[in-house]
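For the record, the sequence lines run as chains A and B. First residue of the first sequence: 0, per numbering that gives the first Met the number 0; consecutive thereafter. First residue of the second sequence: 0, per numbering that gives the first Met the number 0; consecutive thereafter.
There are 2 protein chains.
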Amino acid sequence: MTAMTRADCVERDAADPLAHFRDEFVLPEGVVYLDGNSLGALPKATPGRVAEMVEREWGQNLIASWNDAGWWDKPRVLGAKLAPLIGAAPHEVVVGDGTSVNLFKAVIAALRLNPGRSVVLGESGNFPTDLYITQGAAELMGAVERRVDPDSPELGEALATGGVAAVLLSHVDYRTGALRDMAGITRLAHDHGALVVWDLCHSVGAVPIGLDACAVDFAVGCTYKYLNAGPGAPAFSYVAERHHGTARQPLSGWHGHARPFDFTGDYVPAEGASRFLSGSQPLIADAALEASLDMWGRVDMELVREKSLALTDLFIELTAPAGLDLVTPRQAERRGSQVSLSHPGGYPMVRALIERGVIGDFRAPDVLRFGFTPLYLRYVDVFDAAAALVEVVCSGQWRNPRFAEREQVT
Amino acid sequence: MTAMTRADCVERDAADPLAHFRDEFVLPEGVVYLDGNSLGALPKATPGRVAEMVEREWGQNLIASWNDAGWWDKPRVLGAKLAPLIGAAPHEVVVGDGTSVNLFKAVIAALRLNPGRSVVLGESGNFPTDLYITQGAAELMGAVERRVDPDSPELGEALATGGVAAVLLSHVDYRTGALRDMAGITRLAHDHGALVVWDLCHSVGAVPIGLDACAVDFAVGCTYKYLNAGPGAPAFSYVAERHHGTARQPLSGWHGHARPFDFTGDYVPAEGASRFLSGSQPLIADAALEASLDMWGRVDMELVREKSLALTDLFIELTAPAGLDLVTPRQAERRGSQVSLSHPGGYPMVRALIERGVIGDFRAPDVLRFGFTPLYLRYVDVFDAAAALVEVVCSGQWRNPRFAEREQVT
């Protein structure tokens, strides 16, 4: 196969059915932004929506907006808007709190639904907060935390050993970009009597997800990466309908109460996914999320997946001359929407690229991580970014000592 | 004592050292807003600050803002700005998550610091989320929840019975507006070997608070009432310095880790109040909070308290002819910054007042609740509001059936 030229890329962009979405984003001049898997770009609709919320809903209508502007129901309304992106029914999703807090709720709810068992099975290489939160939840529940590599036979072996109450896995690995077989792993876990919690942080808005079709039990995800809802935007919880009457999470605040305005003395969980809510949510942040979700309502996830794989394939091919190790699976169907490469000089390489306007990030100890967001990235952007990487590496430019100075990189 | 006339009020306003703060708020035309104890008014500086955060920090600088705009340290920076308002040292306060989540952290941390004891003592009439969260935390910890009336000898009796690990009380009662003796109750609890968690939702920004001076252990509060940070704005946690090395909260996410960027496999709590953090926070909401706190940095809380008591005294006196029962303590030093009145017709009375532009709220079963925010309320506003209430009640206008129709009131 002959590698694509820049002219080929221009042609692909002209024919791209998603190309028009790029106009809906603010993208700084001279930048190729390959970090949308960490923080998505700003949709042009967002500042206006936020200003409207702040100046009219809050500033002019004040407390009346809890009813009139639908503030009270926002966690459910946003959940329903998000649901199609993850293959869920509208009433199975609520928006609120952060990923860490929601993981805690889901892990404890899963343990409680499986009272005869005490093992929470996690993955050794998961994002730290998943590991730490599981430790915190397990300690409270008198449960045992075990970790395996879910891309190896260890997972099946650990399940077969018995006693596993819940499995918590990331759908897409934040470091490697590996996409897990949600249907197969969920089935395997269920066959062994375990419930499954999926962390969708690196897959929502990046790959089509079918939570209901895969019979998933619980899922949690953030909205500030591929969904472009802004830094630290509220996270979401998915609770499968079959658990709506029985799942019990411990952060039993008044927003999760069956009749919150009765102000009664005892907690009675609400019907449905609402029982996963706790307290009031930052409605200014919710306004930004709503602007994003309204755009996502017009997006065809199959087209996103198709373009995502084309972009990542292209980047993998074009960066081959740099000679870095490919960490991300080469096989398209096993990949999320990112490409990770490794090299002992990964850190200065990322810094040198940033200086040239190509924004990726670095994950210790040696991973260069590049996220591909089909809504605002063009094929030419990928071409230019790959060319920059090859040049930075092959010219030895990355060895300039100033790139080795450490900054905190998130 | 002769009641003040409207002319007297105009004079008081002219001499009010806090009067100029009113110009720093957006206040809708024709409204007297007496619900700042539920949702504070919008500071004029906020929309610009939020827009700057969204359009420049996020839109233009993207991921680099985690370092360059100080996003990573925002929970600590905002905590330090808030600290003087609650009599805390800067490193004892962090901002993040919501009140319910933070109450959960504090109650469990207190139980863990007192391992030989198993009772969490709450108050029968506390805001429901305090009650529900305590139930959820106690269940996980195998603890027992007990409730007393903290304004009665029950509190001392329950403490004397023994076994109380932690006491969770509201500094100001959300319904009655009663202000508790923080120093005395904290001392009493300590004398009986219990730790104390104070909920400051209805006192922060309303009364001077001395957490360090009172030797409080933990405190939690919201920022969307008297602090005017916007609907559902992030809450805060106070952790007394003497507990910084030992307090352990269960939502052990990566933002509370000692070395979050090492991405190690095991949770190690950070030094100081940072260990009460969990995950990423909604930074758009944080921007609104920062705008508010920067204003509060110029406020003298003693002047706020003085005016607050003058306003509430005035309202109590001027509404006396309406003949409603006063729920709030008549004695100024036992009062927060609200006045609650009760009447079986409380709901339609509140609706009738709202129609006249006087915004208070209703709390079941029969409480009319009015909050007084010295930064943006004038004496004439209080005069006019009181006159409206007297007229609505004495004219029988509140009996109009249209005021009885129920809306959800928050």
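The beta-carbon is built from N, C-alpha and C at its ideal position, and this holds for glycine as well.
In this structure the stretch 267-281 of chain A does not lie against the stretch 130-140 of chain A, because fewer than three pairs of beta carbons, one per stretch, are closer than 8 angstroms.
At a cut-off of 9 angstroms between beta carbons, Asp34 of chain A contacts chain B. Exposure of Thr245 of chain B is indicated by the presence of fewer than 16 other C-beta atoms within 10 angstroms of its C-beta. With its beta carbon less than 9 angstroms from one in chain A, Phe126 of chain B belongs to the interface.
Within the stretch 73-141 of chain B, the complete alpha helix (DSSP H) segments at least 4 residues long are 73-81, 98-111 and 127-140, listed from N- to C-terminus.
Excluding the 5 residues flanking it on each side, Leu112 of chain A has same chain C-beta neighbours closer than 7 angstroms at Leu194, His242, Thr245 and Ala246, in chain order.
Chain-order list of chain A residues neighbouring Gln330 of chain B: empty, with the shortest C-beta distance near 26 angstroms, by a criterion of under 7 angstroms.
If you look at Trp65 of chain A, you'll find it in the alpha helix (DSSP H) that goes Ser64 to Asp67. Take Ala205 of chain A, set aside five residues on each side of it, and the residues of its chain with a beta-carbon closer than 6 angstroms to its own are Tyr225, Gly335 and Ser336, in chain order.
Boundaries of the alpha helix (DSSP H) around Tyr346 of chain A: Gly345 to Glu354.
Here Arg21 of chain A is not near Ala290 of chain A, since their CB atoms are 9 angstroms or more apart. For the 9 angstroms CB-CB criterion, Leu102 of chain A and Asp180 of chain A do not form a contact. Residue environment analysis places Cys393 of chain B among the exposed positions, since fewer than 16 neighbouring C-beta atoms fall within 10 angstroms of its C-beta. For Gly141 of chain B, the CB contacts under 8 angstroms within the same chain, skipping 5 residues up- and downstream, are Ser117 in chain order.
For the pair Val25 of chain A and Leu38 of chain A, the CB atoms are not nearer than the 9 angstroms cut-off. With contacts defined as CB atoms closer than 9 angstroms, Gly231 of chain A and Ile283 of chain B qualify as a contacting pair. Boundaries of the beta strand (DSSP E) around Tyr237 of chain B: Phe235 to Val238. For Phe369 of chain A, there is no enclosing alpha helix (DSSP H); the residue is found in the beta strand (DSSP E) stretching over Val366 to Gly370. Annotated as distal: Gly356 of chain A and Asp34 of chain A, with beta-carbon spacing of 9 angstroms or more.
Listed in chain order, the non-local C-beta contacts of Pro320 of chain A below 6 angstroms within the same chain comprise Val389, local neighbours out to five positions each way being set aside. Within the DSSP secondary-structure output, Tyr375 of chain A pairs in no beta bridge.
The three-state reading of DSSP puts Pro42 of chain B in strand, counting E and B together. In terms of beta-carbon proximity, Phe103 of chain A lines the interface with chain B, with at least one pair separated by less than 9 angstroms. Contacts with chain A (Cβ-Cβ distance below 8 angstroms) from the stretch 256-277 of chain B involve His256, Pro259, Phe260, Asp261, Phe262, Thr263, Gly264, Asp265, Tyr266 and Ser277, listed in chain order. With its beta carbon less than 9 angstroms from one in chain B, Ala284 of chain A belongs to the interface. Every alpha helix (DSSP H) of 4 residues or more that sits fully in the stretch 268-338 of chain A is shown, in chain order, as 282-295 and 300-318.
What Gln59 of chain A touches in chain B, judged by beta-carbon distance under 8 angstroms, is Val25 and Pro27, going in chain order. Only residues of its own chain outside the window of five on either side were considered, and among them Arg5, Cys8, Val9 and Asp12 have a CB closer than 7 angstroms to the CB of Val379 of chain A, listed in chain order. Counting only runs of at least 4 residues, the stretch 133-204 of chain A fully encloses the following alpha helix (DSSP H) elements, listed from N- to C-terminal order: 153-160 and 181-190. According to DSSP, Arg362 of chain B shares a beta bridge with B:Val366.
At a beta-carbon threshold of 8 angstroms, the residues of chain B lying near Ser37 of chain A are Ile62, ordered along the chain. With contacts defined as CB atoms closer than 9 angstroms, Tyr237 of chain A and Val119 of chain A fail to qualify as a contacting pair. Taking the beta carbon of Gly252 of chain A as reference, the chain B residues within 7 angstroms of it are Ser99, Thr128, Tyr131 and Ile132, listed in sequence order. For Ser169 of chain A, the number of other beta carbons within 10 angstroms of its own is at least 16, and it is reported as buried.
Sorting A:Leu325, A:Val30, A:Val366 and A:Phe235 by C-alpha distance to the C-alpha of Ile85 of chain A places A:Phe235 at the top. Here Phe24 of chain A carries a strand assignment [DSSP, helix/strand/coil].
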